Amino acid sequence: MTAGGVSEDLEGWGRHKLVRMRMAAAAHPDASVELLAALTTDASRKVRRIAARRPRTPPAALRTLAADPDAATREALAANVNTPPDVLCLLTSDKNFQVRYAAMTNPAADKRVLQACCASPHRDLRIILAQEPRLPAEIVTLLTQDPVGQVREFLAERTDDPGALDTLVNDPNAQVRAAAAQNRLTTAGQRARLARDPAAPVRASLVNAMATLGWDIPEQDLLTLARDRSVNVRYWLAGLPGSTRAVYEVLAQDPDEQIATNARQWLTNPRNPAHLGDTSGLPLGHFSNPAQLGRPGRNINLRLWTQYMNR
1 MTAGGVSEDL
11 EGWGRHKLVR
21 MRMAAAAHPD
31 ASVELLAALT
41 TDASRKVRRI
51 AARRPRTPPA
61 ALRTLAADPD
71 AATREALAAN
81 VNTPPDVLCL
91 LTSDKNFQVR
101 YAAMTNPAAD
111 KRVLQACCAS
121 PHRDLRIILA
131 QEPRLPAEIV
141 TLLTQDPVGQ
151 VREFLAERTD
161 DPGALDTLVN
171 DPNAQVRAAA
181 AQNRLTTAGQ
191 RARLARDPAA
201 PVRASLVNAM
211 ATLGWDIPEQ
221 DLLTLARDRS
231 VNVRYWLAGL
241 PGSTRAVYEV
251 LAQDPDEQIA
261 TNARQWLTNP
271 RNPAHLGDTS
281 GLPLGHFSNP
291 AQLGRPGRNI
301 NLRLWTQYMN
311 R
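Residues 1 to 311 (full-length UniProt numbering) make up the sequence shown, in order.
Have a look at this one:
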């Protein structure tokens, strides 16, 4: 069959009374741009969905689908690499999450689309965006100013932008600062600041990060934390690896019996850390300070981690 014959057949399919025939026309690799444009206004949402996802569908026709009543059609439009950026920007505020997410993750989404995500009334997009690495500096700046603390929390823990991290370490929201304490790119100066944070959850978060990320926090800061007014901070310092002998000795005299017991177990049997269940113990050493006990590792015992998360 000649190319002209195929084209005529497809045109006929596109006008066929059966929906499945019009769907076949929309999905056919030889469908013309004129036919695809016409099918974006088809009465059947199934046909419009197919036309919406075809990269060959003309941008002008795709624009008409931004207000389509069918969410699946709008999602297909949002995922189409040929959809104009300004339409993607509009779709980042769509009432349907799948549509918003498809627009944000569209390979053709540029900085304008990311800026629209930051301005979206739906926090879910901003939370997801805040966890993405290597974001443009302008987008990171917008996220550090987000009015929703949860967005800044995710950014604080995941950002690889030094300037943004320094801003978030000083965020007025204690939960954001606690999240910043978990960022593996914090500097020694930032960790020293967090160790003196007025909010106990921030100091406790730093202690946890010391154990999971292997930071060598100065002994003087650890001694200050060992005398912390928060039982919670002292509890995690006594139960997690990474402190020095002098710190555990202070904690062994803690008025809280559980804290003292945990610290004493580090001192009496360092290869079998406090209340870690059937854990075989963590090897010693690998620190510049030979008096430091325990080896921080990312695989904290599940029972201890659950206790920490439910504190």
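Glycine included, every Cβ here is placed at the ideal spot set by N, Cα and C.
As the structure is a prediction and not an experimental result, all values here were calculated from the model.
Of the residues the options, the one placed nearest residue i, counting alpha carbons only
i, options, result
"Asn232", "Ala204, Arg177, Gly189", "Ala204"
"Asn183", "Val169, Pro85, Gln265", "Val169"
"Ala246", "Lys95, Leu223, Glu153", "Leu223"
"Asp254", "Glu34, Lys17, Arg227", "Arg227"
"Ala179", "Asp9, Ala156, Ala260, Ala79", "Ala156"
"His123", "Pro172, Pro241, Pro59, Pro147", "The sequence given here has Arg at residue 123, not His. Out of Pro172, Pro241, Pro59, Pro147, Pro147 has the C-alpha closest to the C-alpha of Arg123."
"Ser32", "Pro55, Thr92, Trp236", "Pro55"
"Pro241", "Pro59, Pro162, Asn208", "Asn208"
"Leu36", "Ala61, Asp161, Leu185", "Ala61"
Exposed unless 16 or more other CB atoms sit within 10 angstroms - verdict on residue i
i, result
"Gln265", "buried"
"Gly12", "exposed"
"Asp256", "exposed"
"Thr268", "exposed"
"Leu65", "buried"
"Ala137", "exposed"
"Gln190", "buried"
"Leu185", "exposed"
Distance, residue j Cα to residue i Cα
i, j, result
"Ala274", "Gly239", "Residue confidence for Ala274 is low, a pLDDT of 41 falling below 50, so the modelled location carries little weight; the figure read from the coordinates is stated next. Roughly 6 Å between the two C-alpha positions."
"Arg196", "Ala119", "34 Å"
"Ser230", "Val81", "53 Å"
"Pro218", "Phe154", "27 Å"
"Ala103", "Val113", "8 Å"
"Arg158", "Met210", "16 Å"
"Ala252", "Ala260", "4 Å"
"Asn262", "Gly214", "20 Å"
"Leu225", "Ala116", "43 Å"
"Glu132", "Ala51", "31 Å"
"Asp94", "Leu88", "10 Å"
"Arg298", "Val176", "Because Arg298 sits at a pLDDT of 37, beneath the cut-off of 50, its placement in the model cannot be relied upon, and the following sentence gives the value as read from the coordinates. Rounded to the nearest angstrom, the two C-alpha atoms are 22 Å apart."
"Arg15", "Thr167", "60 Å"
Beta-carbon proximity check, residue i vs residue j, cutoff 8 Å
i, j, result
"Leu206", "Ala181", "yes"
"Leu125", "Leu143", "no"
"Ala85", "Asp110", "Correcting the residue type first, residue 85 is Pro in the shown sequence and not Ala. Yes, these two residues count as a Cβ contact at 8 Å."
"Arg22", "Ser44", "yes"
"Arg193", "Asp171", "no"
"Val99", "Ala78", "yes"
"Asn106", "Ala71", "no"
"Arg53", "Ala25", "no"
"Ile127", "Gln150", "yes"
"Thr41", "Thr57", "no"
Which residues DSSP lists as bridging residue i, in chain order
i, result
"Thr187", "Thr187 is not bridged to any residue."
Interface flag, residue i vs chain C, CB-CB below 8 Å
i, result
"Leu142", "Judged by its chain identifiers, the structure shown contains no chain C, having just a single protein chain."
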